[in-house]
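Chains as they are written, first to last, in our numbering: chain W, 33 to 309; chain C, 7 to 372. Worksheet: one structure, shown below.
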Ligand SMILES: Nc1ncnc2c1ncn2[C@@H]1O[C@H](COP(=O)(O)OP(=O)(O)OP(=O)(O)O)[C@@H](O)[C@H]1O
Ligand SMILES: [Mg+2]
């Protein structure tokens with residue numbers, strides 16, 4: 033028989049193993065992509081797959097020759113950050129009113145907003161394409177910013193709403209009695225308390241915008257094209273070049289991965305720092 | 007100066023009427039306590055006064071100015087919440103100064119006021135801490151300090167002590183009474199704890215399901231309850247009640263035939279017809295245990311609660327109604343023992359069929 037203590041440590045060992053296994057499974061494709069990006073095209077195809085090889089930068093050099101990585105990256109940054117900012121600008125007041133001034137229809141409104149995400153985007157491709165065309169907004173960053181804002185808005189509002197719901201309304205009422213206007217109540221009390229949650233919401237919105245491919249492929253060609261369009265351009269015209277595709281994908285993921293990595297500490301701290309109770 | 011007038015105030019939530027027409031006058035420097043059972047609308051009434059809820063009808067006047075539609079920020083009131091509602095992201099100092107900072111008061115003045123309030127409440131050593139790093143009692147002090155710093159016309163308290171442990175509650179209760187003296191402030195205080203109501207108030211407002219049952223000083227309410235509800239709500243242990251019918255009445259006396267097989271003559275005048283249904287109320291301290299045969303009422307002893315200083319004997323009358331008798335701490339009847347009781351007739355209360363007190367001395371509820 034195992035003692036209770038032994039049982040506990042065995043249990044935590046098993047849970048630990050399972051966690052590492054799952055983490056490994058999730059991480060492996062990214063690892064493999066980065067690895068492949070440093071192989072020659074030949075090595076990339078080799079069966080069985082090679083783990084030991086002489087790394088080469090030729091794929092990256094090729095990409096640098098063929099396309100202007102920084103122009104794509106700049107588009108991605110601009111579009112993601114602008115869409116996220118715009119999204120928060122709408123989501124904060126919306127979530128504030130729904131979380132703290134609930135009416136009979138609040139729950140229904142929330143569900144309805146989420147239901148718009150159930151529509152497959154391709155269903156509205158035609159009308160949106162035509163609207164963009166007639167407004168002269170094809171291949172414009174503004175079009176993508178507006179569209180990304182709108183498609184992420186429901187999720188962002190939901191997230192901000194749940195974070196706000198955790199904040200006791202008394203604190204806001206205290207601010208109101210202390211003489212705060214609605215704007216001061218939001219900016220000096222609500223937002224600082226919710227900042228951990230808001231930061232993770234913004235990070236999620238950035239990631240969603242950064243990785244969005246459907247609309248960027250359909251509505252941009254060059255001037256406004258973000259990194260997802262760059263990646264796609266490596267998959268079609270010349271057949272599949274795995275190593276080059278991996279290299280360009282690595283380049284496309286890198287900025288957002290680094291951002292996530294950097295903000296991770298702050299996020300965790302922010303999340304626990306805002307704790308009210 | 008702070009004179010608050012509430013006129014025919016009503017509030018409904020989603021069609022449910024919660025505050026059903028309240029008239030109230032609160033004068034400068036009064037310590038008014040709203041007391042009543044859970045869900046009777048005490049907090050709602052306080053929040054209406056604070057402006058945190060919109061009124062359905064009626065109006066609120068502060069110093070002759072109608073503030074019914076004025077935003078809470080502009081009412082010049084301060085509220086202390088049950089949950090303290092401190093700003094978790096600010097230090098104690100910032101918590102205290104937040105209101106003044108918003109109003110754009112000069113830095114030095116803010117600093118002086120904060121430090122003054124901190125001294126009064128003994129918060130000096132805690133000024134640079136965050137609320138998370140404070141104990142419940144300390145948080146409560148900060149919440150009160152936040153109100154003091156603003157020097158409001160009226161302080162509003164919503165059950166501020168209910169999250170504290172018993173000892174701390176007694177201590178804070180004393181501190182609040184002292185604060186009221188020191189600041190010469192007007193305070194409105196919500197509680198369902200009648201000890202708090204009795205000890206703190208200069209004026210008690212007893213509420214029951216959205217209406218005012220009675221308004222008066224604590225002792226006035228204790229000695230002259232206007233109706234059965236107030237009589238039963240105030241006092242621990244509660245007043246005992248015996249039902250019966252009115253017998254002979256005279257100019258300043260009346261006889262009551264109790265269902266508990268006893269007749270008692272009370273020094274009360276009533277216009278009710280003989281035979282009307284009445285309820286007699288008597289507090290534990292006004293009942294005496296007397297030698298067998300000399301009493302008015304014969305009862306059976308139930309359990310007794312011995313507190314040391316006193317013993318509360320619960321007894322069952324012959325009609326099955328329960329009474330509580332307060333006796334000396336060294337006395338305890340045996341369970342099931344038969345006891346004879348006599349009543350202090352001068353302190354008996356009589357209520358008519360609708361629950362209203364039959365008592366010439368009482369002015370009925372406002
Ligand atoms: N925002 C609201 N929406 C709907 N009903 C409400 C709302 N606030 C209060 N009520 C209802 O109004 C009634 C009175 O509530 P209130 O909080 O004033 O009671 P209370 O006297 O303070 O009770 P307690 O002693 O338990 O705090 C309750 O029945 C409650 O359900
Ligand atoms: Mg309440």
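From the three backbone atoms N, C-alpha and C, an ideal C-beta is built for every residue, glycine too.
Looking at the C-beta of residue 193 (chain C), does it have a partner C-beta in chain W at a distance below 7 Å?
Along the second chain, one-based indexing puts residue 193 (chain C) at 187. No, its Cβ sits nowhere closer than 7 Å to a Cβ of chain W.
Whose beta carbon lies closer than 5 Å to any heavy atom of ligand 1, going through the chain in order?
C:19, C:24, C:44, C:45, C:46, C:47, C:48, C:49, C:50 and C:198
Short-range partners of chain W found in the segment 88-100 of chain C, where Cβ spacing is below 7 Å
89, 91, 93, 94 and 95
Taking C-alpha atoms, which residue in C:114, C:115 and C:97 lies nearest to residue 129 (chain C)?
Here residue 129 (chain C) refers to the residue found at position 123 of the second chain. Nearest C-alpha to residue 129 (chain C): C:97.
Quick one: what's got a C-beta closer than 7 Å to residue 368 (chain C)'s C-beta in the same chain, skipping five residues either side?
As a position in the second chain, residue 368 (chain C) is number 362, starting the count at 1. Interpretation of residue 368 (chain C) is limited by its pLDDT of 42, a score under 50 that renders its predicted location unreliable; the figure taken from the coordinates is listed afterwards. For residue 368 (chain C), where only same-chain residues beyond five positions count, the Cβ hits under 7 Å are 230 and 232.
Can you give the beta carbon distance from residue 36 (chain C) to residue 197 (chain C), rounded, assuming they're within the 8 Å contact cut?
Residue numbering aside, residue 36 (chain C) sits at position 30 when the second chain is read from its first letter. Residue numbering aside, residue 197 (chain C) sits at position 191 when the second chain is read from its first letter. Incorrect: roughly 16 Å between the Cβ atoms, too far for contact.
Less than 6 Å separating the Cβ of residue 268 (chain C) from some heavy atom of ligand 4?
With respect to ligand 4, the structure shown offers nothing to examine, as its ligands consist of ligand 1 and ligand 2.
How would you call residue 200 (chain C), buried or exposed, if buried means at least 16 neighbouring beta carbons within 10 angstroms?
Counting from one through the second chain, the residue named residue 200 (chain C) turns up at place 194. The residue is buried, with at least 16 neighbouring Cβ atoms inside 10 Å.
Within-7 Å CB hit, residue 78 (chain C) to chain W:
One-based indexing of the second chain puts residue 78 (chain C) at position 72. Residue 78 (chain C) counts as touching chain W.
Quick check: what's the CA-CA separation for residue 308 (chain W) versus residue 81 (chain W)?
For the purposes of this step, residue 308 (chain W) is taken as residue 276 along the first chain, with counting starting at 1. For the purposes of this step, residue 81 (chain W) is taken as residue 49 along the first chain, with counting starting at 1. Residue confidence for residue 308 (chain W) is low, a pLDDT of 43 falling below 50, so the modelled location carries little weight and cannot support an answer.
Can you find a CB in chain W that lies within less than 7 Å of the CB of residue 104 (chain C)?
Your numbering for residue 104 (chain C) matches position 98 in the second chain. With 7 Å as the cut-off, residue 104 (chain C) counts as an interface residue toward chain W.
Does the beta carbon of residue 108 (chain C) sit closer than 7 Å to a beta carbon anywhere in chain W?
If you number the second chain from 1, residue 108 (chain C) lands on position 102. Cβ-Cβ to chain W under 7 Å: yes for residue 108 (chain C).
Distance cutoff 7 Å, beta carbons only. Does residue 221 (chain W) sit that close to anything in chain C?
The residue labelled residue 221 (chain W) in the question sits at position 189 within the first chain. It does: the Cβ of residue 221 (chain W) has a partner Cβ on chain C nearer than 7 Å.
Please compile the residues from chain C whose C-beta is within a distance smaller than 7 Å of the C-beta of residue 202 (chain W).
What you label residue 202 (chain W) is simply residue 170 of the first chain in a count that begins at 1. Per Cβ cutoff of 7 Å: 87, 89 and 91.
Selection from W:92, W:263 and W:64 that minimises the alpha carbon distance to residue 84 (chain W)
Reading the first chain from its first residue, position 52 is the one you call residue 84 (chain W). When only C-alpha atoms are compared, the closest one is W:64.
What residues from the segment 220-243 of chain W come within 7 Å of chain C, judged by C-beta to C-beta, listed N to C?
221, 224 and 225
Could you say if the segment 213-220 of chain W and the segment 139-146 of chain W meet the contact criterion of at least three C-beta pairs nearer than 8 Å?
no
Unbroken alpha helix (DSSP H) runs of length 4 or more, entirely within the segment 185-233 of chain C: which are they?
200-206 and 224-229
Per DSSP, the bridge partner or partners of residue 163 (chain C):
Here residue 163 (chain C) corresponds to residue number 157 of the second chain, with the count starting at 1. Its beta-bridge partners are C:86 and C:195.
In the DSSP assignment, the beta strand (DSSP E) including residue 292 (chain C) goes from what residue to what residue?
Your numbering for residue 292 (chain C) matches position 286 in the second chain. Taken as a continuous stretch (DSSP letters only), residue 292 (chain C) belongs to no beta strand (DSSP E), as it is neither H nor E.
So that I know if they touch, is there some Cβ in chain W lying closer than 7 Å to that of residue 68 (chain C)?
As a working mapping, residue 68 (chain C) is identified with position 62 in the second chain. It does not; no Cβ of chain W falls within 7 Å.
Buried versus exposed, by CB contacts within 10 Å (16 or more), residue 199 (chain W):
Your numbering for residue 199 (chain W) matches position 167 in the first chain. The residue is buried, with at least 16 neighbouring Cβ atoms inside 10 Å.
Counting along the chain, where does the alpha helix (DSSP H) carrying residue 118 (chain C) start and finish?
On the second chain, position 112 is the one that residue 118 (chain C) refers to. Segment 113-126, the alpha helix (DSSP H) holding residue 118 (chain C).
Determine, using beta-carbon pairs with one atom in the segment 294-302 of chain C and one in the segment 274-283 of chain C, whether at least three such pairs fall under 8 Å.
no
I'd like the span of the alpha helix (DSSP H) that includes residue 352 (chain C), first residue to last.
In the second chain, counting from the first residue as 1, residue 352 (chain C) sits at position 346. Careful: residue 352 (chain C) lies outside any alpha helix (DSSP H) and carries neither H nor E.
Classify residue 370 (chain C): buried if its beta carbon has 16 or more other beta carbons within 10 angstroms, exposed otherwise.
Residue numbering aside, residue 370 (chain C) sits at position 364 when the second chain is read from its first letter. For residue 370 (chain C), the predicted model reports a pLDDT of 39, less than 50, meaning its position is unreliable and no value from the coordinates is stated.
Pairing CB atoms from the segment 38-58 of chain C with CB atoms from the segment 76-86 of chain C, are three or more of them under 8 Å?
yes
Could you run through the segment 114-146 of chain W and flag, in chain order, every residue whose CB is less than 9 Å away from some CB of chain C?
136
Go ahead and pull the three-state DSSP assignment for residue 94 (chain W).
Working through the first chain from its first residue, we reach residue 94 (chain W) at position 62. Residue 94 (chain W) falls in the helix class under three-state DSSP.
Do you know offhand how far residue 231 (chain W)'s Cα is from residue 299 (chain W)'s?
As a first step, residue 231 (chain W) is located in the first chain; it is residue number 199 there, counting from the start. As a first step, residue 299 (chain W) is located in the first chain; it is residue number 267 there, counting from the start. Spanning the two alpha carbons is a distance of roughly 7 Å.
Taking buried to mean at least 16 other C-beta atoms within 10 Å of its own C-beta, is residue 241 (chain W) buried or exposed?
Position 209 of the first chain holds residue 241 (chain W). Classification of residue 241 (chain W): buried, given that the 10 Å Cβ count is 16 or more.
Locate the alpha helix (DSSP H) running through residue 262 (chain W), then write down its first and last residues.
Residue numbering aside, residue 262 (chain W) sits at position 230 when the first chain is read from its first letter. It spans 259-265 - the alpha helix (DSSP H) in which residue 262 (chain W) sits, taken as one unbroken run.
Would you report the Cα separation of residue 178 (chain W) and residue 192 (chain W), rounded to the nearest angstrom?
Walking along the first chain from the start, residue 178 (chain W) turns up at place 146. Walking along the first chain from the start, residue 192 (chain W) turns up at place 160. Using only the alpha carbons, I get a separation of about 20 Å.
Within 10 angstroms of its Cβ, does residue 237 (chain W) collect 16 or more other Cβ (buried), or is it exposed?
Here residue 237 (chain W) corresponds to residue number 205 of the first chain, with the count starting at 1. With 16 or more other Cβ atoms within 10 Å, it is buried.
Quick check: is the beta carbon of residue 209 (chain W) nearer than 7 Å to any beta carbon in chain C?
Sequence index remark: in the first chain, residue 209 (chain W) carries index 177 (1-based). Yes, because at least one Cβ of chain C sits closer than 7 Å to the Cβ of residue 209 (chain W).
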